[in-house]
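Here our numbering = 1-based position in the sequence shown + 8.
Step one of this worksheet: look at the structure below.
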Amino acid sequence: MLDQLGFDHQVRSIISSSLLAVCSTHVFVSIAWDCQEVVNIKNLMQIDAGLGQVVATDTSQIPYYLVGDKWIRLPGSLKHITVGPAGIWGVNKDYAIYKYVAGNWVQAAGLLKQLDAGGEQFIVGANMDDTPFCLTRSATVGYKGPGSPLPWTGLPGAVKYYSCGPFGCWAVNKNDDIFLMSLNQDCQNNGWSHIDGKLSMIEVATDGRVFGVNSAGQVYTRDGITASKPEGTGWSNVPMCMRMGHVTYDLGRLWVVSKSGVTMVCTP
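See the structure below:
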């Protein structure tokens, strides 16, 4: 006879499976995306995709790198990880910054709570006071260890989550307001432009597409983004029947992590 703990676990598993079945069908019917559960990874907290690579961290702050359909555990402990043209970078619970160099994490000067490697080989991020920073392309690419220069450039405004792509950098602040900045590889910019809507996190794909999640766990994508119109034309909801906490997109794959730790990958 199952003990209460085992019984509760079994019930949760049945409920989770039922929700996934409904969710997959719901998403497919609504927007013609086919969503499948990523069954070989559990309890992810954050995920990032770029240039055909996927990295993630789980609720135990273990970092992973996806090779084929296998999640390879990376060394160290990170609460946020990012991959893109600037390489693989991460930050730990103490806000220490690391770059993945030749199979090992090399600590970089500075403190950030979140960072993004999706720009044109430059890094952006936000610190614990929501101050945005940028690291130039030459400093980002050239960083090999403590002896390399690391001139972080402070940017105007206050943001809690920051992500860059080929047509600009998007960010959200503590009030979930959305902003767009044109930022070049030398960290030169013309300040922030306010964009309509509310999101709690936002990610820009390598191809410039923008996805985000609001405080209610709803997923949105920005329509009409081009090089000549980087702000796009409006937001479209991507229907999900579970509350999502994190989203990232690359090469036709939309990766979503629910607030309960379920990971799904969706394709058109």
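All C-beta atoms in this analysis are idealised placements derived from N, C-alpha and C, irrespective of residue type, glycine included.
Only a predicted model underlies this, so the values are computations on that prediction, with no experimental measurement involved.
Residue i: buried (16+ other C-beta within 10 angstroms of its C-beta) or exposed?
i    : result
K237 : exposed
L59  : exposed
T256 : buried
R81  : exposed
G176 : buried
V264 : buried
D258 : buried
M136 : exposed
D204 : exposed
G92  : buried
Beta-carbon separation of residue i and residue j under 9 Å?
i    : j    : result
D184 : N222 : yes
Y72  : Q61  : no
Y106 : V114 : yes
S85  : I96  : no
Q196 : Q129 : no
Excluding sequence positions up to five away, which residues of its chain have a Cβ less than 6 Å from the Cβ of residue i?
i    : result
G240 : R230, D231, G232 and I233
Y228 : G220, W243 and N245
P164 : G199
S201 : L188
Check each candidate in the options and name the one with the smallest Cα separation from residue i.
i    : options                  : result
G155 : G165, C142, A117 and V63 : A117
K206 : P83, W178, G95 and V75   : W178
T148 : G126, G199 and S85       : G126
K101 : V75, T65 and C172        : T65
P83  : V212, A110 and F141      : A110
Could you give the distance in angstroms between the alpha-carbon of residue i and the alpha-carbon of residue j?
i    : j    : result
E45  : P157 : 42 Å
S32  : I210 : Summary for S32: the model assigns pLDDT 42, below 50, so the residue's position carries little reliability; its value from the coordinates is reported in the next sentence. Taking the straight line joining both Cα atoms gives about 23 Å.
K279 : S208 : Outside the modelled stretch of the chain, which goes from 9 to 276, sits residue 279, for which no answer is possible.
K152 : P247 : 42 Å
L119 : D138 : 11 Å
D279 : M272 : Since the displayed the chain opens at 9 and closes at 276, residue 279 lies outside it and no answer follows.
T275 : C43  : 7 Å
V218 : A57  : 12 Å
A29  : G260 : Any reading at A29 is ruled out, since the residue's pLDDT is 45, under 50, leaving its predicted position unreliable.
I186 : A166 : 11 Å
V75  : Y108 : 16 Å
Grab me the residues of residue i's own chain with a C-beta within less than 8 Å of its C-beta, minus the 5 sequence neighbours each way, in chain order.
i    : result
Q122 : H88, V99, G133, A134, K168, Y169 and Y170
K267 : G225, M250, R251, M252 and G253
T67  : N51, L52, M53 and G269
N48  : D77, K78 and W79
T144 : F130, P159, T161, Q193, D194 and C195
P174 : E128, T214, D215, G216 and A235
W41  : V35, V246, L262, C274, T275 and P276
S190 : G176, C177, N197, N198 and P238
T90  : D56, G58, V63, I96, W97, G98, L123, D124, A125 and G126
Going by beta carbon distance, what residues of the same chain come within less than 7 Å of residue i, once the five residues before and after it are set aside?
i    : result
G150 : S156
A94  : A125, G127, Q129, F130, I131 and T148
C172 : D124, G126, G127, V132, L191 and V212
V37  : Because V37 sits at a pLDDT of 32, beneath the cut-off of 50, its placement in the model cannot be relied upon, and the following sentence gives the value as read from the coordinates. Nothing meets the Cβ criterion.
V180 : V167, K168, Y169, I186, L207, S208, M209 and I210
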